[in-house]
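Asker: Residue numbers 51 to 490, in the numbering used here, belong to the letters of the sequence shown in order.
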Amino acid sequence: MELFVSKFGGSSLADAEQFKKVKSIVTSDPRRRFVVPSAPGKRSKGDVKVTDMLYNCYDMLSRGESIDEAFSGIEDRYRSIISDLGLSLSLEEDFVSIKNCFIARAGRDYAASRGEYLNGKVLGEYLGFEFVDAAEVVFFREDGVFDEERTYRVMGERLKNSEGAVIPGFYGSMPNDTIRTFSRGGSDITGSIVARAVGADLCENWTDVDGFLMADPRIIDDPKVIDVITYRELRELSYMGATVLHEDAIFPVRGAGIPINIRNTNHPTARGTMIVPFPQADNVPGAITGIAGKKGFVVVNIEKGMMNQELGFGRKVLWAFEKNGVSFEHLPSGIDTMSVVVEEKHFDERKERILDDICELTNPEHVSVERGLALIAVVGRGMVSAKGTANKIFSAVYESGVNVKMIDQGSSELNIIIGVAEDDFERAMKGIYEKVVGKR
Ligand code: ASP
């Protein structure tokens, strides 16, 4: 039988009602044998996630304040889930020992990880699945980097004969047995790690949206959900600010060819978005898969006559950025000009040094800095075969009354990057979406 790993995010496990939905999802398909929970998330708009409550307790202790009240707020979250679900489980002993460890200063990561740890215990009991502490199966090396080899070996062995297990997300252990967490949202990474370790056929990621959207809903009204997206397309869109899944969650499964399915716990009949390693023959995509963009870039233009004949010119320009620790995003160039697009916040920290170094290293005729650039990435594996996509994109920008300041297209034809003034950003995004994707 096929095997699925199902990760549930914080909003899917925020209270007993959400737990019930999770149980009905898990039990509706026997392939769902391994479940990875986040800590309870927000129940409503103004609510606080348990992970944030835990960080808060840690900070209060660092300031020498009492955590009695704040900690009992956390205990109550779990108590009410347990009693509303009618479980006989008691976490009272855990609460006492966790609070003692807090006071004994067991560390910030330890503090944050307890949200998932406790939720894993509750969910395991509710599903009738065994609880496997992530500290025993997810490992980090001395330098804090995730230890793939040891994790896959130990976890694979531990789960090999398990009929059903809950493995809390977000954390693992260091060689000295202390707890370490991934970065925020890191339960997604644990989900992918478990999928890889058990050789799953699918890694499900249950959240509170119908899937990965074709554009940012804060800019485009009701954008369409992407049915199928490749890992490479997802990388391009996430890099430009589209978020649903933790960026690092891709790596464990990509190498093993395991797809990820983003699903909605509150709307389980929706098929969600399938993230696949390679384009699939049975899924002929539209010309574009998605649009994403970010503000906050600057362009450094360097001009010098006969630049094209000067061997090593580009290397020297890039060295000026590299030696100041600033990485570049794009590099459009002309015959006698070279432009370097970089993130404004990084550039500003080292601006004087970079400009001095450019002048010293390349002796240019003119250097200028243009601020306030926004980048829009139009991404799609279908662009290679669809004629006229670029035409549509640029006429949309033109018809929106927006001036294009920069264009960059990778030779893979997976994306077209367009630079526009920040003030034109939303207008250009709307124009492109309407013309290329169409209204709903
Ligand atoms: N609970 C952690 C956080 O809030 C990890 C996660 O939810 O994935 O970041």
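Cβ coordinates follow ideal geometry from the N, Cα and C atoms, glycine included.
Measure the alpha-carbon distance for valine 204 versus glutamate 52 and round it to whole angstroms.
Answerer: Going by the C-alpha atoms only, they are around 21 Å apart.
Asker: Taking 7 Å as the line, does the beta carbon of aspartate 159 fall inside it for any heavy atom of ligand 3?
Answerer: Although ligand 3 was asked about, the structure shown includes only ligand 1 as ligands.
Asker: Proline 87 lies in the beta strand (DSSP E); which residues open and close that run?
Answerer: 82-87 is the span of the beta strand (DSSP E), which, as asked, contains proline 87.
Asker: Using the Cα positions of glycine 340 and aspartate 473, report the straight-line distance between them to the nearest angstrom.
Answerer: Each residue's alpha carbon lies about 21 Å from the other.
Asker: Got a sec: does ligand 1 put a non-hydrogen atom nearer than 7 Å to the Cβ of serine 237?
Answerer: For ligand 1, at least one heavy atom lies less than 7 Å from the Cβ of serine 237.
Asker: Taking a contact to mean a Cβ-Cβ separation below 8 Å, would you say phenylalanine 54 touches leucine 252 in this structure?
Answerer: Their beta carbons are under 8 Å apart, which means phenylalanine 54 touches leucine 252 by this criterion.
Asker: According to DSSP, simplified to helix, strand and coil, what is asparagine 311?
Answerer: Asparagine 311 falls in the strand class under three-state DSSP.
Asker: Look at the alpha carbon of leucine 361 and the alpha carbon of glycine 422, and state the distance between them as a whole number of angstroms.
Answerer: The alpha-carbon atoms of leucine 361 and glycine 422 are separated by roughly 31 Å.
Asker: Within the present structure, is the beta-carbon of glutamate 166 separated from the nearest heavy atom of ligand 1 by less than 7 Å?
Answerer: Glutamate 166: yes, Cβ under 7 Å from ligand 1.
Asker: Out of Gly355, Asn374, Leu381, point me to the one whose CA is closest to glycine 364's CA.
Answerer: The residue with the shortest Cα to Cα distance from glycine 364 is Leu381.
Asker: Taking the beta carbon of lysine 455 as the centre, do at least 16 other beta carbons fall within 10 Å, making it buried, or is it exposed?
Answerer: It counts as buried.
Asker: Could you tell me whether the stretch 222-234 touches the stretch 191-198, where touching means 3 or more Cβ pairs closer than 8 Å?
Answerer: Touching, yes, given that three or more Cβ pairs across the two stretches are closer than 8 Å.
Asker: Can we say the stretch 305-317 touches the stretch 367-385, given the rule of at least three CB pairs closer than 8 Å?
Answerer: Result no; under three Cβ-Cβ pairs closer than 8 Å.
Asker: Sorry if obvious, but does the Cβ on serine 133 come closer than 7 Å to a heavy atom of ligand 1?
Answerer: No - ligand 1 has no heavy atom lying nearer than 7 Å to the Cβ of serine 133.
Asker: Are the beta-carbon atoms of glutamate 449 and glycine 469 separated by less than 8 Å?
Answerer: No, they are not a contact pair.
Asker: Out of Ser61, Arg113, Gln68, Ala120, which has the shortest C-alpha to C-alpha gap to glycine 91?
Answerer: Cα-wise, what sits closest to glycine 91 is Ser61.
Asker: So, valine 86 versus valine 182, is the Cβ gap smaller than 8 Å?
Answerer: It is not a contact, given that the beta carbons lie outside the stated cut-off.
Asker: Can serine 288 be considered in contact with ligand 1, in the sense that its beta carbon sits closer than 7 Å to one or more heavy atoms?
Answerer: No, since every heavy atom of ligand 1 falls outside the 7 Å radius drawn around the Cβ of serine 288.
Asker: Within 10 angstroms of its Cβ, does glutamate 476 collect 16 or more other Cβ (buried), or is it exposed?
Answerer: With 16 or more Cβ atoms within 10 Å of its Cβ, glutamate 476 is classed as buried.
Asker: Does the Cβ of glycine 219 have 16 or more other Cβ atoms within 10 Å, making it buried, or fewer, making it exposed?
Answerer: That one is buried.
Asker: Helix, strand or coil: how does DSSP classify phenylalanine 181 here?
Answerer: Here phenylalanine 181 sits in strand by DSSP.
Asker: Answer yes or no: the CB of phenylalanine 196 versus the heavy atoms of ligand 1, is any distance below 7 Å?
Answerer: No; taking the cut-off as 7 Å, the Cβ of phenylalanine 196 has no heavy atom of ligand 1 nearer than that.
Asker: Shortest alpha-carbon distance to methionine 324 belongs to which of Pro302, Ile279, Ser288?
Answerer: Closest by alpha carbon: Ile279.
Asker: In terms of alpha-carbon separation, which member of Ile426, Glu394, Phe371 lies closest to leucine 405?
Answerer: Nearest of Ile426, Glu394, Phe371 to leucine 405, Cα basis: Phe371.
Asker: Give me whichever residues DSSP pairs with glutamate 353 in a beta bridge.
Answerer: DSSP, once it has assigned bridges, lists Thr387, His416 as partnering glutamate 353.
Asker: So is the beta-carbon of lysine 171 under 7 Å away from any non-hydrogen atom of ligand 1?
Answerer: False, no ligand heavy atom lies under 7 Å from that Cβ.
Asker: Could you please give me the residues that DSSP links to histidine 380 through a beta bridge?
Answerer: In the DSSP output, where bridge partners are listed per residue, histidine 380 has Val391.
Asker: Name the one or two DSSP bridge partners that phenylalanine 363 has.
Answerer: In DSSP, phenylalanine 363 forms no bridge with anything.
Asker: Would you list the one or two residues that DSSP bridges to glutamate 125?
Answerer: Partner(s): none; glutamate 125 has no beta bridge.
Asker: Once DSSP output is grouped into helix, strand and coil, what is the label at glutamine 459?
Answerer: Glutamine 459 falls in the strand class under three-state DSSP.
Asker: How about arginine 304 and leucine 464: are their beta carbons less than 8 Å apart?
Answerer: Contact flag unset, no.
Asker: Buried or exposed: which applies to glutamine 330, given that a residue is buried once 16 or more other Cβ atoms fall within 10 Å of its Cβ?
Answerer: Classification of glutamine 330: exposed, given that the 10 Å Cβ count is below 16.
Asker: When you compare the CB positions of glutamate 297 and phenylalanine 347, do they come within less than 8 Å of one another, or not?
Answerer: No, the pair does not count as a contact, with Cβ atoms beyond the cut-off.
Asker: Do alanine 299 and aspartate 238 have their beta-carbon atoms positioned less than 8 Å apart in this structure?
Answerer: Yes, the Cβ-Cβ distance between aspartate 238 and alanine 299 is below 8 Å.
Asker: What's the gap between the Cα of glycine 165 and the Cα of glycine 460?
Answerer: Taking the straight line joining both Cα atoms gives about 42 Å.
Asker: Which residue wins for smallest C-alpha separation from glutamate 119, given the options Arg113, Gly430, Leu295, Cys107?
Answerer: It is Cys107 whose Cα lies nearest to the Cα of glutamate 119.
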